[in-house]
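A.B. asks: Numbering of the sequence shown is given in the numbering used here, commencing with residue 904 and proceeding in unit increments. For glycine and all other residues, C-beta sits at the position ideal for the given N, C-alpha and C. This one's a predicted model, so the numbers in the text were calculated from it and none came from an experiment.
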Amino acid sequence: MPESARASFVAEPALSDEFTVAALDPEVRRDLRGLQKDTADSVARHLVAAGTLVEEDPELALEHARYARRRASRIAVVREAAGITAYHAGEWAEALAELRAARRMGGGPVHLPVMADIERALGRPERAIDIARGPEASELGTAERIELAIVAAGARRDLGELDAAVVGLQLPELEPTRREPWSPRLFYAYADNLLAAGRESDALQWFVHAADADAEGETDAMGRIAEITGEDPDDADDFAFGVEDGDVVVEVEPAAEAEDPVGDPVADEADLDQVEELADGAGAGTAAVEEPVEDLAGEEPVVDDALVEEAVDEAVVDGVAADGPDDEVEADEGVAADGPVDEGPIDGPTDGVESEAAAVEVPVVDVPVTAAPVDEVVVEVPADVVTTEPVGSAADEVVVEADEADDVAEPASPAQEPDEADGTGGTSR
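Spelled out as structure tokens, the structure:
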């Protein structure tokens, strides 16, 4: 056998009965009609074997593709199959040569993304970008065009153009609500390039979008989320994402449910005890309650007349309850609500800080206002429970302390005008 023939000789790999001609795509079978029937059948079966084995055994698949290529080297679809199989086997130069030959034979631009990726693998990212910019790229379908954009972004990263890589993936299809076959890979590639550009919070959010869109497990988006957050990948299903604060993704824990329904106007002893327990653990700026409140409805509190004037902002008559500055509290007829409550000096900034008491409902205490003297005093709720005004507001400091002396407070006159109450120097409206 001549040396040239020996060099081009490819031994035929064994074929099992599972690889049949009928399993080949009908369009590919039509392209093989120019061959003799036994040759066409042999090539068809080897192409089926190559396509079946390419994922689990790319080396063996390449042997079948090379044999089919030797038997039908002038058919474009056979050269395409040989090129794709060589690409999966990591034979970059062979893959690129076969795909270029398929294009010259009229194979079309469908494999441009693979060719661009091979150029990257060969250390030529500039050529990959040139392929993405070429006129044939405009002839690609949506899926191939997006795949080419992903490869081009990777090539720009190879060149150190990190911001350009991010911009190159900002396509109209980059919409987190879309669920297309190419959505997981596009979202994942965008997140990966954001992370390479140092935009970790944005990258985390897009990894979340990729994981949400990846129903088939095509990407390792959940693993990347675990890497960024430092969580165990086995606990990835327990992540709670989706609330954004600017560009930062905030992990949200489920809120505890309150025992009583919202808007319940009845304050029982259990609720008051819970409020007092939260008040005991409050930080700076909370109103101190030195003695427990056992039964507001059954006993007359012992207070000082001056403290009553400071605690009561304004008296609301005819069953109209006054709302706080931020929260809307519904009250039954005959209930007088406090005005704005100041929580005293605050040591640090209050923006974005919530107390764990936010989930506890604030009971509304009935305070009848009649022609008779005032029988009950509305107790100030600890500042951890009530949403505070921003630092620097016009509210004054109100501190309710039980007088150690056994003085009995004289009842406040219901005829006292609001202007007179304001003149005491107490709370402001």
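Checking 8 angstroms against the spacing of the C-beta atoms, do A1058 and R1023 come in under that value?
C.D. replies: Result yes, Cβ atoms of A1058 and R1023 sit closer than 8 angstroms.
A.B. asks: Quick one: what's got a C-beta closer than 6 angstroms to R973's C-beta in the same chain, skipping five residues either side?
C.D. replies: Same-chain partners within the cutoff: V913.
A.B. asks: Reducing DSSP to helix, strand and coil, say where T923 ends up.
C.D. replies: In the structure shown, T923 sits in coil (DSSP, three-state: anything other than H, G, I, E or B).
A.B. asks: Tell me the rounded alpha-carbon separation between L1051 and A1019.
C.D. replies: Spanning the two alpha carbons is a distance of roughly 7 angstroms.
A.B. asks: Classify L999 as buried or exposed, calling it buried when 16 or more other Cβ atoms lie within 10 Å of its own Cβ.
C.D. replies: Burial call: buried.
A.B. asks: Rank D1117, R1127 and W1085 by C-alpha distance to the C-alpha of S1104 and give the top, closest one.
C.D. replies: It is R1127 whose Cα lies nearest to the Cα of S1104.
A.B. asks: Which one of T942, Q939, G1037 and T955 has the shortest CA to CA distance from A926?
C.D. replies: The residue with the shortest Cα to Cα distance from A926 is T955.
A.B. asks: According to DSSP, is A1077 helix, strand or coil?
C.D. replies: First, the amino acid is wrong: residue 1077 is Leu here, not Ala. Coil, per DSSP.
A.B. asks: In the DSSP assignment, find the unbroken alpha helix (DSSP H) run with D944 in it and report its ends.
C.D. replies: K940 to L956 is the span of the alpha helix (DSSP H), which, as asked, contains D944.
A.B. asks: How big is the Cα-Cα spacing for V1070 and L1062?
C.D. replies: One C-alpha to the other measures close to 15 angstroms.
A.B. asks: Less than 8 angstroms between the C-beta atoms of H1014 and E994, yes or no?
C.D. replies: Taking 8 angstroms as the Cβ cut-off, H1014 and E994 do not qualify as a contacting pair.
A.B. asks: In angstroms, rounded to a whole number, what distance separates the CA positions of P916 and A1068?
C.D. replies: Between P916 and A1068, the C-alpha separation is close to 43 angstroms.
A.B. asks: Indicate the three-state DSSP secondary structure (helix, strand or coil) for L1097 in the structure shown.
C.D. replies: L1097: helix per DSSP, three-state reduction.
A.B. asks: Skipping 5 residues on each side, what residues in its chain have a beta carbon closer than 6 angstroms to that of S1086?
C.D. replies: Excluding residues within five positions, the ones whose Cβ falls inside 6 angstroms are A1116.
A.B. asks: What is the rounded straight-line gap between the Cα of F1110 and the Cα of E1130?
C.D. replies: Each residue's alpha carbon lies about 11 angstroms from the other.
A.B. asks: Measuring straight from C-alpha to C-alpha, what distance separates L1074 and M1125?
C.D. replies: When rounded, the distance between both Cα atoms is 23 angstroms.
A.B. asks: Which class does R1006 belong to by DSSP, given the choice of helix, strand or coil?
C.D. replies: It is helical.
A.B. asks: When the distance is taken between beta carbons, is Y1093 closer than 8 angstroms to T1122?
C.D. replies: Not a contact, by the Cβ cut-off of 8 angstroms.
A.B. asks: Grouping DSSP H, G and I as helix and E and B as strand, with all else coil, what is T1132?
C.D. replies: If DSSP states are grouped into helix, strand and coil, T1132 belongs with the helices.
A.B. asks: If we ignore side chains and look at the alpha-carbon of each, how far apart do R977 and P961 end up?
C.D. replies: So the alpha carbons of these two residues sit roughly 23 angstroms apart.
A.B. asks: Go ahead and label L1025 buried or exposed: buried means 16 or more other beta carbons lie within 10 angstroms of its beta carbon, across all protein chains shown.
C.D. replies: L1025 should be labelled exposed.
A.B. asks: With distances taken from CA atoms, which of E930, I1034 and L963 is nearest A992?
C.D. replies: When each option's Cα is compared against that of A992, the closest is L963.
A.B. asks: For A946 versus V981, is the C-beta spacing smaller than 8 angstroms?
C.D. replies: Looking at the sequence shown, residue 946 is not Ala but Val. Their beta carbons are under 8 angstroms apart, which means V946 touches V981 by this criterion.
A.B. asks: Report yes if the C-beta distance between N1096 and R1048 is below 8 angstroms; otherwise report no.
C.D. replies: The answer is no: Cβ separation not under 8 angstroms.
A.B. asks: Give the straight-line distance between the Cα atoms of L938 and L1077, rounded to the nearest whole angstrom.
C.D. replies: Spanning the two alpha carbons is a distance of roughly 45 angstroms.
A.B. asks: Can you name, in chain order, every residue of its own chain whose Cβ lies under 7 angstroms from the Cβ of E1042, other than the five neighbours on each side?
C.D. replies: These residues qualify, in order along the chain: P1012.
A.B. asks: Report, in whole angstroms, the separation of the C-beta atoms of V1017 and A1031, which I expect to be a contact under 8 angstroms.
C.D. replies: At roughly 11 angstroms, the Cβ-Cβ gap does not stay under 8 angstroms, so V1017 and A1031 are not in contact.
A.B. asks: Does V913 come out as helix, strand or coil in the three-state DSSP assignment?
C.D. replies: Reduced to three states, the DSSP call for V913 is coil.
A.B. asks: Let me know if R936 comes out buried or exposed under the rule of 16 or more other beta-carbons within 10 Å of its beta-carbon.
C.D. replies: R936 comes out exposed.
A.B. asks: Report the residue from E1119, D934, Q1108 and D920 whose alpha carbon sits nearest the alpha carbon of M1008.
C.D. replies: Cα-wise, what sits closest to M1008 is D934.
A.B. asks: Please report the straight-line C-alpha distance between G1120 and P1028, rounded to a whole angstrom.
C.D. replies: Straight-line Cα distance between these residues: approximately 29 angstroms.
A.B. asks: According to DSSP, is G993 helix, strand or coil?
C.D. replies: Coil.
A.B. asks: Around the C-beta of E1001, are 16 or more other C-beta atoms found within 10 angstroms, so that it is buried, or is it exposed?
C.D. replies: So E1001 counts as buried.
A.B. asks: Using the Cβ count rule (16 or more neighbours within 10 Å means buried), how would you classify T942?
C.D. replies: Flag for T942 reads exposed.
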